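J.: I'd like to ask you about the structure that follows.
Protein chains: 2
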Amino acid sequence: MMRILVTNDDGIEAAGLHALAEALRPLGEVVIVAPDRQQSAVGHALTVSEPLRIVPFRSNGQFVGYAVNGTPADCVKLAVTTLLPWRPDVVASGINHGRNTAVNILYSGTVSAATEGTLLGIPSVAFSLDAYEAEADFRAAAVIARAIVERLPFLRLPTGTLLNVNIPALPLEQICGVRITHQGRSLWRDWYERRRDPWGREYFWLAGEYVLADGDPEADDVALTQGYVSITPIRYALTDTASVEQLRQQFGELLPISDVSHAK
Amino acid sequence: MMRILVTNDDGIEAAGLHALAEALRPLGEVVIVAPDRQQSAVGHALTVSEPLRIVPFRSNGQFVGYAVNGTPADCVKLAVTTLLPWRPDVVASGINHGRNTAVNILYSGTVSAATEGTLLGIPSVAFSLDAYEAEADFRAAAVIARAIVERLPFLRLPTGTLLNVNIPALPLEQICGVRITHQGRSLWRDWYERRRDPWGREYFWLAGEYVLADGDPEADDVALTQGYVSITPIRYALTDTASVEQLRQQFGELLPISDVSHAK
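Okay, here's the thing in structure tokens:
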């Protein structure tokens with residue numbers, strides 16, 4: 220029997236969260252600790268300057284899980300360090316409305332929840348469905364999520380590595396298979412719409428289009444678009460080791476620091 | 220003459236921001252576009268569900284820069300895509316109150332501003348001073364920041380790589396030198412304080428202590444603690460390539476997807 224913490228960034232009322240929790244219940248004990256509202260594009264934000272509250276959330280009188288007035292990373296940290304009476308075997312985040320691939324991983328609250336789980340030393344996984352409409356069908360994604368979570372504690376991933384899973388919006392029998400991918404290079408071409416409020420004051424709203432910039436079938440976006448489940452092992456080892464030696468040569472002149480002061 | 224966008228996560232009134240902007244003015248044209256309030260630990264958050272406003276910010280009647288009701292990443296994206304009449308040669312973020320090393324890089328709004336600059340294709344750098352008190356002395360850090368920004372466009376860093384610079388809180392002549400470092404492995408040991416508000420309702424507040432877990436003199440925290448300026452080239456190439464092959468073997472059984480449905 221596994222103990223599983225389920226969270227997301229779309230908030231505790233999101234359909235994808237409940238599809239995930241229901242799919243995982245046969246595996247053991249599942250507890251939901253999720254943001255009390257939509258938290259998309261929050262990145263790996265943590266609430267440090269405000270108090271957090273934990274409110275039992277009910278739907279039709281039935282206890283559903285715990286709602287937290289914070290970010291996905293807050294939910295995981297608070298649940299693991301403080302709220303839960305046990306340490307989870309797995310942190311499962313999602314199922315997100317919309318793909319979290321390429322550069323989107325940096326902005327994704329769904330992935331950041333799994334990142335926080337990983338930082339706490341717990342095998343963690345983020346799930347996203349490539350569908351944006353409110354009535355998206357999470358059934359196939361839920362089956363796949365269960366199959367992956369079941370295996371997660373046995374994969375022996377290195378500490379610090381998590382799985383980022385993206386699932387095509389297709390019926391299960393139309394999904395082509397699973398591909399282990401790398402983070403792709405697709406990018407947003409974005410801009411701000413300049414508008415005026417009813418009082419004549421100017422405001423700006425982020426808009427943009429996602430540009431699929433990869434052709435490599437092993438890139439996350441390409442696998443997904445071709446109808447495959449994309450599983451990317453990700454890791455926040457951010458050092459650009461290839462640049463270290465170059466910089467040592469270039470900054471040699473800055474040693475010792477007395478040379479720097481000549482810049483004054 | 221360089222064109223430099225200066226931002227931060229401590230907000231437009233922070234002393235470290237103005238120390239940085241003043242230090243860079245001799246290099247060319249400097250424009251400040253910064254959050255209208257403290258935005259620490261926001262990670263790489265972007266505001267997508269709210270309008271953003273840009274307000275000219277004045278101090279003693281003097282124009283200082285543009286304040287934005289958003290995150291550091293919002294400030295950079297909005298400035299570069301919409302507000303500025305020119306494309307910056309450099310995005311400089313900081314000078315942050317407090318070090319941004321090891322795991323803190325993931326949470327740091329200061330670093331996320333530089334990350335957004337890098338995503339937009341602009342050479343970018345984040346500066347942090349290892350001091351937390353309101354009256355911190357940014358003078359030495361400002362001299363070092365200028366020396367680094369001056370060189371940044373000529374370093375020929377790969378697209379996607381930014382510099383994360385941490386500076387000891389010492390007078391310039393006591394700083395030992397510059398070290399090119401890697402992101403260290405230090406971690407927060409954190410917990411939530413459980414408190415009651417004046418109405419008897421429970422709340423939780425994040426607390427913690429930072430555990431220096433590295434001994435390697437080339438780790439960012441160690442260099443900084445030993446009195447060196449730490450410069451880490453960082454890059455959001457998140458794929459854990461070492462795990463890709465292992466996962467291909469482990470998930471072989473998930474291909475084709477029909478096998479997954481047996482998990483039902």
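From first to last, the protein sequence lines are chains A and B.
Heads up: the first sequence begins at 220 in our numbering, then just goes up one per residue.
Heads up: the second sequence begins at 220 in our numbering, then just goes up one per residue.
Glycine included, each C-beta is placed from N, C-alpha and C at the ideal position.
Here the structure is a predicted model, which is why all the values come from computation and not from measurement.
1. Here's a check: name, in chain order, each residue in its chain whose Cβ is nearer than 6 angstroms to the Cβ of A361 (chain A), leaving out the five neighbours to either side.
2. Check the Cβ of V309 (chain A) against every Cβ in chain B and list those closer than 7 angstroms, keeping chain order.
3. With DSSP as the reference, please indicate the residues paired to D440 (chain A) in a beta bridge.
4. Using a Cβ-Cβ distance under 9 angstroms, would F282 (chain B) count as near chain A?
5. If you check the beta carbons only, do R272 (chain A) and F346 (chain B) fall under 9 angstroms apart?
6. CA-CA distance, N489 (chain A) and G289 (chain B)?
7. Determine which residues of the segment 316–338 of chain B have a Cβ less than 8 angstroms from any Cβ of chain A, and write them out in chain order.
8. Tell me whether S449 (chain A) sits in a helix, a strand or coil according to DSSP, three-state version.
9. So within the segment 323–365 of chain A, which uninterrupted beta strand (DSSP E) runs reach at least 3 residues, ignoring any that extend past its ends?
10. So T226 (chain B) is in the beta strand (DSSP E); what residue range does that whole segment cover?
11. Measure the C-alpha to C-alpha separation of L527 (chain B) and V368 (chain A) and round it to an integer number of angstroms.
12. Is R414 (chain A) helix, strand or coil when you go by DSSP?
13. For the alpha helix (DSSP H) that contains P291 (chain B), what are its first and last residues?
14. Any idea if H481 (chain B) is buried or exposed, counting beta-carbon neighbours within 10 angstroms, 16 or more meaning buried?
15. Are the segment 278–289 of chain B and the segment 348–367 of chain B touching by the rule of at least three beta carbon pairs closer than 8 angstroms?
16. Kindly list, in the order they appear in chain A, the residues whose Cβ is closer than 8 angstroms to that of L265 (chain B).
17. Would you mind sorting G328 (chain A) into buried or exposed? The rule is 16 or more other CB atoms within 10 Å of its CB.
18. I'd like the span of the alpha helix (DSSP H) that includes V463 (chain A), first residue to last.
19. Using 10 angstroms around the beta-carbon of K483 (chain A), count the other beta-carbons present and answer buried if the total reaches 16, otherwise exposed.
20. Interface residues of chain B around T444 (chain A) at Cβ under 7 angstroms?
21. Are the segment 445–452 of chain B and the segment 365–384 of chain B touching by the rule of at least three beta carbon pairs closer than 8 angstroms?
22. On the criterion of 16 or more Cβ atoms from any shown chain inside 10 Å, does R408 (chain A) qualify as buried, or is it exposed?
T.: On the basis of the data shown:
1. If the five residues before and after A361 (chain A) are omitted, its C-beta is found closer than 6 angstroms to the C-beta atoms of A238, A242, all from its own chain and listed in chain order.
2. Contact note: V309 (chain A) does not reach chain B at a C-beta cutoff of 7 angstroms; the least C-beta distance is about 15 angstroms.
3. Note: D440 (chain A) sits in no beta bridge, so no partner.
4. No, no contact with chain A.
5. Result no, Cβ atoms of R272 (chain A) and F346 (chain B) do not sit closer than 9 angstroms.
6. Nothing in the structure corresponds to residue 489 (chain A), since chain A is present only between 220 and 483.
7. Cβ contacts with chain A: V322, I324, L325, Y326, S331, T334, L338.
8. Note: S449 (chain A) maps to strand in three-state DSSP.
9. You should have 343–348.
10. Looking at the DSSP string, the run of the beta strand (DSSP E) that includes T226 (chain B) is 221–226.
11. Shown here, chain B extends from 220 to 483; a query on residue 527 (chain B) therefore has no answer.
12. R414 (chain A): strand per DSSP, three-state reduction.
13. Looking at the DSSP string, the run of the alpha helix (DSSP H) that includes P291 (chain B) is 291–297.
14. With a pLDDT of only 46 at H481 (chain B), under 50, the local geometry of the prediction cannot be trusted, and the value read off the model is given with reservation. Burial call: exposed.
15. Note that the segment 278–289 of chain B does not touch the segment 348–367 of chain B; fewer than 3 beta-carbon pairs, one per stretch, sit closer than 8 angstroms.
16. Close partners of L265 (chain B) in chain A (Cβ separation under 8 angstroms): A260, G262, Y326, L425.
17. By the neighbour-count definition (other C-beta atoms within 10 Å, threshold 16), G328 (chain A) is a buried residue.
18. 460–469 is the span of the alpha helix (DSSP H), which, as asked, contains V463 (chain A).
19. Confidence at K483 (chain A) is low in this model, with a pLDDT of 38, below 50, so its placement is unreliable and the value that follows should be read with caution. Counting every other CB atom within 10 Å of its CB across the protein chains shown gives K483 (chain A) a total below 16, marking it as exposed.
20. Correct list: empty, because the minimum Cβ distance to chain B is about 16 angstroms.
21. Cβ pair count under 8 angstroms is three or more, so yes.
22. Looking at its Cβ environment, which holds fewer than 16 other Cβ atoms inside 10 Å, R408 (chain A) is exposed.
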